[in-house]
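Let me begin by presenting the structure, written as structure tokens, before commenting on it.
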Amino acid sequence: MIEVDVILQRGSFRLAAELKSDAHVTGIFGPSGSGKTSFLLAMAGLLRPVSGRLAVDGEVFFDGARRIHLPPHRRGIGFVFQEDRLFPHLDTRGNLLCGYRLLPPASRRIQPGEVIELLELENLLDQPVTQLSGGEARRVAMGRALLSSPRLLVLDEPLTGLDERRRRSILGYLMRIHERLSVRTLYVSHTLSDFLAVVDHAARIVDGRLVSAGSAQAVLEGSVDGDDAGPVESLIDGRVLESAGEAGYLRVSAGDSVLMVPSASVAAGRRVRVAIPAAEVVLVVGALPQSSARNVISGRVTEIRDYAGRVLVTVESGFRFLAEVTPAAAKDLQLEPGAAVHALIKARGVKVVAAG
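Residue numbers (our numbering): 791 to 1146.
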């Protein structure tokens, strides 16, 4: 459990940080300059809060009333920064083991072999880190942090500077880390799409306050605001049933439904997070027509709200997703909470955003 209720001050900037999460992966989202770095410095013990309390899994890091301020080396936090910060005089193996070697043997909960296999570093161990690609260096940085057997793994915008292919690759490794090592993680980012691909519980920085907002989908929906709002997506967790399905499509189990998703070379049994753009969802009331859509999901409307001149309809069907319709369509279909609907979604409209 991450428990934070502190006031932070850096110069003239003041942030009230309130967060309570028992999720495996907790995400902090906010624009540059909003206070994310101040929050991380406080977690690490490098910035002392003005007041309040900060604890992880019952270990109190800071308590102003009790005058507790645990030093950084006693907090058990493994950091992966925006920059890799690898030691250039050491090869990959040396970087991976530098924290591991400092731990007493009894404290080594995570072993080098499992991290090397998990992050696919076998062929990189003897290479100078100066010769690694951006994605390879980021994997080494994650491995080094994991081998410190941290109580909390902190990822500070870990995808910065990576191209799309490497970003998706790192997201997959992050999902594998949490499936196999169960390390509690704090993920900090200003890029909503990246961080929502892997977080379970999320919070936003809003008007000088870090507020706990609930699920990743709640943060996604809460970020939808104003006339400049962009495309809206739904995030759905599932598991691959068949990796070589119909015409190159995955069959993904989600709730009580099976989704057809364009193949992303994900093996059967793997956990995936998929995104469905709200604009790709066609709602039908009554009898289903003949359709080329490969995904047909039945559910009930739970919420309807205006959104930048359009209407967002929330549908529950073992999982929650959004559909975007025009005001005229919402009126013609007589959509209201409790109404039974069918959702038609073309397979090409569904995408894998992260895979374990």
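All C-beta atoms in this analysis are idealised placements derived from N, C-alpha and C, irrespective of residue type, glycine included.
Between the CA atoms of residue j and residue i - distance to the nearest angstrom
{"i": "R1060", "j": "F803", "result": "44 Å"}
{"i": "A1068", "j": "A1058", "result": "27 Å"}
{"i": "R891", "j": "P948", "result": "24 Å"}
{"i": "R843", "j": "V870", "result": "24 Å"}
{"i": "R934", "j": "S959", "result": "18 Å"}
{"i": "V1071", "j": "P862", "result": "48 Å"}
{"i": "D1018", "j": "R1110", "result": "Confidence is the limiting factor: at D1018 the pLDDT is only 40, short of 50, which leaves the residue's position unreliable, though a coordinate-based value still follows. In a straight line, the C-alpha of D1018 is about 24 Å away from that of R1110."}
{"i": "E1023", "j": "L1112", "result": "7 Å"}
{"i": "Q799", "j": "D1096", "result": "38 Å"}
{"i": "P829", "j": "V989", "result": "Checking the displayed sequence, the identity of residue 829 turns out to be Phe instead of Pro. Whole-angstrom Cα-Cα distance: 18 Å."}
{"i": "V1143", "j": "G962", "result": "9 Å"}
{"i": "T1116", "j": "V1101", "result": "6 Å"}
{"i": "L911", "j": "V930", "result": "8 Å"}
{"i": "D1148", "j": "V840", "result": "Since the first residue shown for the chain is 791 and the last is 1146, residue 1148 is missing from the structure and cannot be characterised."}
{"i": "L1040", "j": "P1052", "result": "6 Å"}
{"i": "D1122", "j": "E849", "result": "56 Å"}
{"i": "G801", "j": "L836", "result": "15 Å"}
{"i": "L908", "j": "I967", "result": "7 Å"}
{"i": "R883", "j": "M833", "result": "28 Å"}
{"i": "V1105", "j": "E1093", "result": "7 Å"}
{"i": "G1089", "j": "G1038", "result": "27 Å"}
{"i": "V1048", "j": "R1063", "result": "13 Å"}
{"i": "L971", "j": "F985", "result": "19 Å"}
{"i": "N885", "j": "L915", "result": "9 Å"}
{"i": "A1044", "j": "A1006", "result": "16 Å"}
{"i": "L1125", "j": "A1137", "result": "25 Å"}
{"i": "A992", "j": "S1002", "result": "7 Å"}
{"i": "L1078", "j": "S1107", "result": "17 Å"}
{"i": "G868", "j": "M932", "result": "9 Å"}
{"i": "G903", "j": "L887", "result": "11 Å"}
{"i": "S1033", "j": "T950", "result": "30 Å"}
{"i": "V944", "j": "L936", "result": "10 Å"}
Bounding residues of the beta strand (DSSP E) (the contiguous stretch that carries residue i)
{"i": "L943", "result": "L942 to D946"}
{"i": "R1095", "result": "N1085 to Y1097"}
{"i": "P1052", "result": "S1047 to P1052"}
{"i": "A1120", "result": "Unbroken run through A1120 is the alpha helix (DSSP H), P1117 to D1122; no beta strand (DSSP E)."}
{"i": "R1060", "result": "It is not in any beta strand (DSSP E) - R1060 carries neither H nor E in the DSSP assignment."}
{"i": "L1025", "result": "E1023 to E1032"}
Endpoints, alpha helix (DSSP H) assigned at residue i
{"i": "H968", "result": "E954 to R970"}
{"i": "V905", "result": "P902 to L908"}
{"i": "D990", "result": "It is not in any alpha helix (DSSP H) - D990 carries neither H nor E in the DSSP assignment."}
{"i": "E912", "result": "First-last for E912: undefined, no H or E at that position."}
Buried/exposed call for residue i, threshold 16 Cβ in 10 Å
{"i": "T975", "result": "buried"}
{"i": "D881", "result": "buried"}
{"i": "L805", "result": "buried"}
{"i": "N913", "result": "exposed"}
{"i": "G925", "result": "buried"}
{"i": "D874", "result": "buried"}
{"i": "R857", "result": "exposed"}
{"i": "A896", "result": "exposed"}
{"i": "S822", "result": "exposed"}
{"i": "F877", "result": "exposed"}
{"i": "G1076", "result": "exposed"}
{"i": "A1118", "result": "exposed"}
{"i": "H879", "result": "exposed"}
{"i": "M791", "result": "exposed"}
{"i": "P894", "result": "exposed"}
{"i": "K810", "result": "exposed"}
{"i": "R994", "result": "buried"}
{"i": "V1131", "result": "buried"}
{"i": "V786", "result": "Shown here, the chain extends from 791 to 1146; a query on residue 786 therefore has no answer."}
{"i": "G1139", "result": "buried"}
heavy atom of the ligand ZN below 8 Å from residue i C-beta
{"i": "R934", "result": "Judged by which ligands are present, the structure shown has none, so any question about the ligand ZN falls away."}
Residues that residue i bridges to, as DSSP identifies them
{"i": "Q799", "result": "R804"}
{"i": "R929", "result": "Its beta-bridge partners do not exist; DSSP assigns none."}
{"i": "T920", "result": "T920 is not bridged to any residue."}
Query raised in the report: What are the complete alpha helix (DSSP H) segments, minimum 4 residues, inside the stretch 830-900?
Result: You should have 882-887.
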